[in-house]
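Participant: Those sequence lines, one after another, are chains A and B. If you read the first sequence in our numbering, its first letter stands for residue 1, the second for the next number, and so on. If you read the second sequence in our numbering, its first letter stands for residue 1, the second for the next number, and so on. I have a structure here, written as structure tokens, and I will follow up with some questions on it.
Number of protein chains: 2
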Amino acid sequence: MLYPREQLHSFAAQVFQQCGLTEADARLAADVLDAADIRGIDSHGISRLWAYVRLFDERLVNPRPKVSIIRETASTAAVDGDNGLGLIVGPKANNIAMQKAAEAGMGWVTVRGSSHYGIAGYYPLQALRHELIGWSMTNASTRVTPLWGAERQLGTNPIAVAFPAGEEQPIVIDMATSVVALGKLEIAQRKGELVPDGWIVDRDGQPSNRPEEMSAGGCLLPLGSDRESGGHKGYCLASLVDLLSGVLSGANWGPFVPSFLIAERNLPPVGKGTGHCFASMRIDAFMDLEEYKQRVDQWIRTMRSTKPAPGTNGPIIPGDPERQTEAERSKSGIPLHQSVVDGLREVARQKEVAFD
Amino acid sequence: MLYPREQLHSFAAQVFQQCGLTEADARLAADVLDAADIRGIDSHGISRLWAYVRLFDERLVNPRPKVSIIRETASTAAVDGDNGLGLIVGPKANNIAMQKAAEAGMGWVTVRGSSHYGIAGYYPLQALRHELIGWSMTNASTRVTPLWGAERQLGTNPIAVAFPAGEEQPIVIDMATSVVALGKLEIAQRKGELVPDGWIVDRDGQPSNRPEEMSAGGCLLPLGSDRESGGHKGYCLASLVDLLSGVLSGANWGPFVPSFLIAERNLPPVGKGTGHCFASMRIDAFMDLEEYKQRVDQWIRTMRSTKPAPGTNGPIIPGDPERQTEAERSKSGIPLHQSVVDGLREVARQKEVAFD
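Structural data, given as structure tokens:
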């Protein structure tokens with residue numbers, strides 16, 4: 001079923017208002033979900049609305065947080081999200097990073113006391129509007145084992161970075177530091193398919209191709225999977241994100257990050273909420289903007305012109321697939337599975353908001 | 001053969017002085033090589049001295065560069081290395097990042113007009129001495145194809161980041177963004193062994209296990225290797241490093257980065273020399289240093305206590321292997337292959353410096 005993005009946005013915003021958010025905050029949270037849906041990252045869009053609603057129903061998240069700077073320098077800030085929804089704490093902290101960049105060339109902001117912040121890519125897309133290079137990272141519920149481990153200790157801890165371009169479309173990197181996103185396991189399990197070597201280990205740390213091992217206490221592997229193929233590097237990247245977003249911010253880290261799905265076990269906290277990290281860099285702090293634009297355009301054209309590997313159309317540019325989906329869905333609307341629609345209707349009923 | 005590190009350091013410094021460097025710069029360049037040798041990264045230590053010497057002999061590098069800031073803000077600087085040796089331009093630019101961090105919370109420095117800067121990990125190790133979080137990245141001679149390509153367009157573009165700890169040893173990440181370092185291919189070729197799936201493609205972009213395909217125009221694959229295992233993510237990371245170190249700095253980027261080995265073909269330049277990028281972050285810009293130290297110590301202990309995968313001793317901490325090698329080599333000395341010793345004796349003869 002296809003739904004116009006405006007309808008889903010308006011519905012999500014009304015639901016968030018019913019959860020106690022201000023009208024402006026509710027619209028902001030809906031913006032972040034919309035960015036996922038329109039770009040084809042279905043696992044992080046309106047399909048998760050019910051899970052955010054549960055956080056409010058269980059009083060696990062503060063609907064009216066006072067997001068504040070608890071420490072700052074010319075180019076940095078440590079932000080406390082006051083246990084607010086990540087979908088509004090994240091954008092506010094990201095704005096602080098952009099302001100710092102305007103004032104000091106670069107801004108780097110850590111966040112504690114937040115919760116699930118949606119797609120990592122939303123934040124650098126905001127920076128692009130101001131012709132800034134934007135970064136975002138977050139830690140996340142524990143799903144990933146370090147290399148040589150048989151126990152979940154890290155999240156899929158994504159890194160997103162975007163670079164403005166000139167005549168070309170911008171470069172938008174948005175990647176989990178695990179070998180795959182959890183959603184791919186869920187899809188394989190639904191279809192009854194096996195998954196490739198190197199994606200997961202079972203609860204005893206043995207390699208497995210059975211996606212259902214994840215729900216039985218197995219672990220995702222870090223990018224690179226095993227030692228021979230660079231699994232230590234994926235572990236390093238997941239650690240980097242956790243140390244910057246979690247340890248340095250004062251949030252929970254590693255296995256202590258609160259689960260987004262409240263049914264899951266949470267360990268006693270070692271900090272406040274979930275942790276993020278945002279950065280913005282002013283291009284003219286390093287070179288003339290026009291010169292940069294010419295250079296990055298040439299970089300993009302050079303990569304696009306790479307000789308293709310057999311059986312492929314050749315390399316693409318980070319952000320291309322999401323851009324193509326956005327172009328399609330802007331016309332056609334957002335496709336939703338029947339199970340998602342059913343869930344939204346249930347949320348609509350509970351929150352007394354019309355869905356369709 | 002085992003050589004005391006002091007002997008190798010002194011020899012390298014004398015050779016660099018004979019190449020025209022000041023005494024202080026010559027010692028600095030020798031420091032960077034020593035950091036590789038003592039930590040076991042043999043491909044980036046004194047075994048490469050001959051290649052640096054060639055750069056001077058061919059007048060490709062300026063022995064007395066005036067390293068200057070061409071643009072700056074409170075927290076950022078764009079540095080021009082004046083076509084100097086990366087082993088001295090790098091440390092000077094890294095110092096600027098550390099100064100900026102002291103003044104503005106964080107420092108981010110791009111560098112153009114440099115050359116091969118040694119191991120990426122040297123630079124964050126310097127930041128650790130000042131209890132800063134340190135970053136370094138560099139682009140490098142083209143060796144890696146983007147995912148779905150059959151042509152070298154990117155270097156092994158490493159990322160190194162180090163985090164100070166309290167009672168525990170610091171966390172030191174230092175990783176190429178390719179699936180493996182080039183040195184592993186060279187070793188396999190010397191031994192006449194095949195390499196694992198997913199490391200390289202031949203000059204036509206076909207997967208290969210024959211290491212000699214690299215010298216025949218093949219390509220290293222990015223971390224993740226293929227689409228199914230996350231090769232797009234390794235390509236994203238190599239691009240990230242190239243865009244920050246090369247495009248934004250005004251240096252060459254992608255296939256235009258000058259080769260360290262002067263016998264190799266160079267494309268007409270699109271910028272100045274090789275590009276790097278350094279960052280430093282003051283911990284007390286985000287939280288009290290003592291609180292951070294307790295938190296990071298607990299993170300380290302948590303990761304070390306992960307349940308081990310079958311057949312392993314369990315996860316280690318980034319920097320452990322290099323630290324262990326350093327402890328061993330500090331006592332025993334640096335092991336050098338006969339071919340390396342022969343090369344050093346030849347350099348000694350040419351530059352009229354005693355080796356042994």
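Backbone N, C-alpha and C define an ideal beta-carbon position, used for all residues, glycine too.
Answer with yes or no whether the minimum CB distance from glycine 273 of chain A to chain B is below 8 Å.
Facilitator: Not an interface residue.
Participant: Quick one: what does DSSP say glutamate 167 of chain B is sitting in, helix, strand or coil?
Facilitator: coil
Participant: Which chain B residues are close to aspartate 297 of chain A, counting only those with a beta carbon under 9 Å from its beta carbon?
Facilitator: Those within 9 Å of aspartate 297 of chain A in chain B number zero; the least Cβ separation is about 10 Å.
Participant: Nearest chain A C-beta to lysine 293 of chain B closer than 8 Å, yes or no?
Facilitator: no
Participant: What number of angstroms, rounded off, separates the C-alpha of serine 280 of chain A from the C-alpha of glycine 311 of chain B?
Facilitator: 44 Å
Participant: Would you mind reading off the limits of the beta strand (DSSP E) that contains valine 79 of chain A?
Facilitator: 76-80
Participant: So within the region 90-153 of chain A, which uninterrupted beta strand (DSSP E) runs reach at least 3 residues, ignoring any that extend past its ends?
Facilitator: 106-114 and 132-138
Participant: Any idea what DSSP makes of proline 255 of chain A, helix, strand or coil?
Facilitator: helix
Participant: Output the distance between the C-alpha atoms of serine 305 of chain A and alanine 150 of chain B, rounded to the nearest integer angstrom.
Facilitator: 11 Å
Participant: Look at the Cβ atom of glycine 81 of chain A, then the Cβ atom of proline 65 of chain A, and state whether they are nearer than 8 Å.
Facilitator: It is a contact, given that the beta carbons lie within the stated cut-off.
Participant: For glutamate 322 of chain B, list the residues DSSP reports as bridge partners.
Facilitator: Its beta-bridge partners do not exist; DSSP assigns none.
Participant: With which residues is serine 68 of chain A paired in a DSSP beta bridge?
Facilitator: A:Asp80
Participant: Could you check whether alanine 160 of chain A and serine 136 of chain A sit closer than 8 Å to each other, using their CB atoms as the reference points?
Facilitator: yes
Participant: Is it the case that the Cβ atoms of glycine 333 of chain B and arginine 27 of chain B are separated by a distance below 8 Å?
Facilitator: no
Participant: How would you call isoleucine 41 of chain B, buried or exposed, if buried means at least 16 neighbouring beta carbons within 10 angstroms?
Facilitator: buried
Participant: By DSSP, does leucine 221 of chain B sit in helix, in strand, or in coil?
Facilitator: It is coil, neither helix nor strand.
Participant: Contact between the region 236-250 of chain B and the region 189-197 of chain B is defined here as three or more beta-carbon pairs at a separation below 8 Å; is this criterion met?
Facilitator: no
Participant: Does the Cβ of methionine 1 of chain A have 16 or more other Cβ atoms within 10 Å, making it buried, or fewer, making it exposed?
Facilitator: Looking at its Cβ environment, which holds fewer than 16 other Cβ atoms inside 10 Å, methionine 1 of chain A is exposed.
Participant: Look at asparagine 139 of chain A and glycine 246 of chain A and say whether their C-beta atoms are less than 8 Å apart.
Facilitator: yes
Participant: Is the shortest distance between the beta-carbon of glutamate 228 of chain B and the beta-carbons of chain A less than 8 Å?
Facilitator: yes
Participant: Between which residues of its own chain and glycine 224 of chain B is the CB-CB distance below 6 Å, once the five residues before and five after are set aside?
Facilitator: Gly230, Gly231, Lys233 and Gly234
Participant: Can you check whether the C-beta of serine 43 of chain B is within less than 8 Å of a C-beta belonging to chain A?
Facilitator: no
Participant: Mind checking aspartate 37 of chain B: buried by the 16 CB within 10 Å criterion, or exposed?
Facilitator: Label assigned to aspartate 37 of chain B: buried.
Participant: Are the CB atoms of valine 53 of chain B and valine 67 of chain B within a distance shorter than 8 Å?
Facilitator: no
Participant: Do glutamate 167 of chain B and aspartate 297 of chain B come within 8 Å of each other at the CB atom, strictly closer than that value?
Facilitator: yes
Participant: Does DSSP put valine 172 of chain B in a helix, in a strand, or in coil?
Facilitator: Look at valine 172 of chain B here: in three-state DSSP terms it is strand.
Participant: Under the three-state reduction of DSSP, which class applies to isoleucine 334 of chain B: helix, strand or coil?
Facilitator: strand
Participant: How big is the Cα-Cα spacing for glutamine 206 of chain B and proline 124 of chain A?
Facilitator: 35 Å
Participant: Do the CB positions of valine 270 of chain B and leucine 49 of chain B come within less than 8 Å of each other?
Facilitator: no
Participant: Have a look at the DSSP bridge pairing and note the partners of histidine 276 of chain B.
Facilitator: B:Val111 and B:Thr138
Participant: Compute the beta-carbon to beta-carbon distance between tryptophan 199 of chain B and valine 179 of chain B, rounded to the nearest angstrom, for a pair I have assumed lies under 8 Å.
Facilitator: 6 Å
Participant: Straight-line CA distance for valine 15 of chain A to aspartate 356 of chain A?
Facilitator: 14 Å
Participant: Looking at C-alpha atoms only, which residue of A:Arg210, A:Ser249 and A:Phe278 is the closest neighbour of aspartate 197 of chain A?
Facilitator: A:Arg210
Participant: I want to verify the contact list: residues of chain B whose CB lies under 9 Å from the CB of lysine 191 of chain A, in sequence order.
Facilitator: Neighbours of lysine 191 of chain A on chain B: none; closest Cβ ~16 Å, over 9 Å.
Participant: Who are the neighbours of serine 225 of chain B on chain A, taking C-beta pairs under 7 Å?
Facilitator: Ser229
Participant: Quick check on this structure: which residue in A:Pro158, A:Met106 and A:Glu103 has the alpha carbon closest to the alpha carbon of tyrosine 117 of chain A?
Facilitator: A:Pro158
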